[in-house]
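*Asks:* Here it is, the structure in full.
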Amino acid sequence: MKFDEISEKVKDVPYITPENARYLYDLILREKLTNILELGIAHGTGTCYMAAALDELGIGKITSVDLLEAKESFQPSVEEQLAKTGLENFVQIVRMQTGYTWFLHDDINRLTTNDVCQEEYDLCIIDGPKNWAIDGFTFFLVDKLLKQNGLIIFDDYNWTYADASKTRDVTDGITHRNLSEAEINTPQVREIIDLLVKQHPNYSEILVYPDRSWAIARKKTSEGKKYTIEFNETYTSGFAKIKRKLQKLIK
Ligand SMILES: C[S@@+](CC[C@H](N)C(=O)[O-])C[C@H]1O[C@@H](n2cnc3c(N)ncnc32)[C@H](O)[C@@H]1O
Numbered sequence: 015m016k017f018d019e020i021s022e023k024v025k026d027v028p029y030i031t032p033e034n035a036r037y038l039y040d041l042i043l044r045e046k047l048t049n050i051l052e053l054g055i056a057h058g059t060g061t062c063y064m065a066a067a068l069d070e071l072g073i074g075k076i077t078s079v080d081l082l083e084a085k086e087s088f089q090p091s092v093e094e095q096l097a098k099t100g101l102e103n104f105v106q107i108v109r110m111q112t113g114y115t116w117f118l119h120d121d122i123n124r125l126t127t128n129d130v131c132q133e134e135y136d137l138c139i140i141d142g143p144k145n146w147a148i149d150g151f152t153f154f155l156v157d158k159l160l161k162q163n164g165l166i167i168f169d170d171y172n173w174t175y176a177d178a179s180k181t182r183d184v185t186d187g188i189t190h191r192n193l194s195e196a197e198i199n200t201p202q203v204r205e206i207i208d209l210l211v212k213q214h215p216n217y218s219e220i221l222v223y224p225d226r227s228w229a230i231a232r233k234k235t236s237e238g239k240k241y242t243i244e245f246n247e248t249y250t251s252g253f254a255k256i257k258r259k260l261q262k263l264i265k
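Under this note's numbering, the first residue of the sequence shown carries the number 15, and numbering increases by one thereafter.
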């Protein structure tokens with residue numbers, strides 16, 4: 015299904031932005047990423063864009079995982095959105111009692127023979143609780159399941175519990191008042207990128223898009239590391255300022 019057609023059907027439903035949806039759709043087509051793992055579904059808007067890209071490729075499968083307790087929270091549901099687009103055959107929805115880390119346990123268990131885990135996915139998008147403990151661990155688990163040259167997209171690179179506290183006291187089971195000041199104010203996904211992904215020997219290409227709150231890491235072993243921060247110049251003057259600052263530091 016063409017991008018404009020899927021966009022017309024789902025563009026008014028949160029959460030993926032039109033800009034990120036376009037990027038994801040084009041990435042799947044360009045790199046022929048046919049076996050996809052999506053961690054965090056919500057209404058399944060991102061799921062629909064990815065399924066549309068697989069439909070264009072004529073092949074592929076998305077395994078989309080979320081919490082059992084979140085099923086009723088998102089209306090329209092992912093099932094309704096997929097039915098509306100006719101793309102349901104590309105997607106398997108999995109709902110877990112305690113979350114995607116236990117799904118990853120089951121998948122690693124399923125794919126392990128003689129103490130070796132077979133690599134399965136071309137792309138994994140991590141878009142769940144944005145929490146150091148859960149998503150940091152998730153990164154190591156996903157690494158076991160990701161094929162060489164495969165990609166991990168981390169959403170919510172800039173997100174903090176301080177931002178979320180303006181509208182609620184609990185995020186995905188984590189009570190904000192139980193967190194330290196540092197845990198509240200530090201973007202936890204950014205820490206996962208800086209302290210776990212960048213230092214991991216399997217990841218030599220890391221691309222950060224702060225203005226779309228995304229980081230992308232490629233599973234590729236190499237002597238050197240390539241770490242790129244890319245700003246969209248047209249996005250906001252705030253980011254333009256940061257860009258100027260970074261350029262100064264580099265000089
Ligand atoms: C921002 S939404 C995902 C948005 C979606 N990927 C999109 O593109 O529209 C985050 C989702 O993560 C789910 N989630 C949060 N913690 C989770 C966990 N531990 N395991 C599985 N899903 C989780 C929430 O229920 C919610 O549906």
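Cβ coordinates follow ideal geometry from the N, Cα and C atoms, glycine included.
Since this is a predicted model, take the numbers as computed values, not measurements.
Taking the Cβ atom as the reference point for each residue, do tryptophan 146 and glutamine 202 lie within a distance shorter than 8 Å?
*Replies:* It is a contact, given that the beta carbons lie within the stated cut-off.
*Asks:* What three-state label does DSSP hand lysine 85 in the structure shown?
*Replies:* Lysine 85 sits in a helix when the DSSP states are folded into three classes.
*Asks:* Beta-carbon within less than 6 Å of glycine 60's beta-carbon, same chain only, minus the 5 sequence neighbours each way: which residues are those?
*Replies:* Ile30
*Asks:* Could you tell me whether the Cβ atoms of tyrosine 291 and glutamate 205 are closer together than 8 Å?
*Replies:* Here the chain covers residues 15 to 265 and nothing more, so residue 291 does not appear.
*Asks:* Let me know the secondary structure DSSP gives tyrosine 171 once reduced to three states.
*Replies:* coil
*Asks:* Looking at C-beta atoms only, is the number of pairs between the stretch 210-228 and the stretch 180-197 that lie closer than 8 Å three or more?
*Replies:* no
*Asks:* Return yes when the C-beta of aspartate 186 is under 7 Å from any heavy atom of ligand 1, and no when it is not.
*Replies:* yes
*Asks:* Taking C-alpha atoms, which residue in Glu102, Glu134, Asn199 and Pro143 lies nearest to alanine 84?
*Replies:* Pro143
*Asks:* Report the CB separation of lysine 121 from lysine 161 in whole angstroms; it is logged as a contact under 8 Å.
*Replies:* Strictly speaking, residue 121 in this sequence is aspartate, with lysine absent from that position. Between lysine 161 and aspartate 121 the Cβ distance is about 14 Å, and since that is not below 8 Å, they are no contact.
*Asks:* Between isoleucine 20 and the rest of its own chain, which residues show a CB-CB distance below 7 Å, the 5 nearest in sequence each way excluded?
*Replies:* Cys62, Tyr63, Ala66 and Thr99
*Asks:* Hey, how far is the Cα of methionine 110 from the Cα of isoleucine 76?
*Replies:* 16 Å
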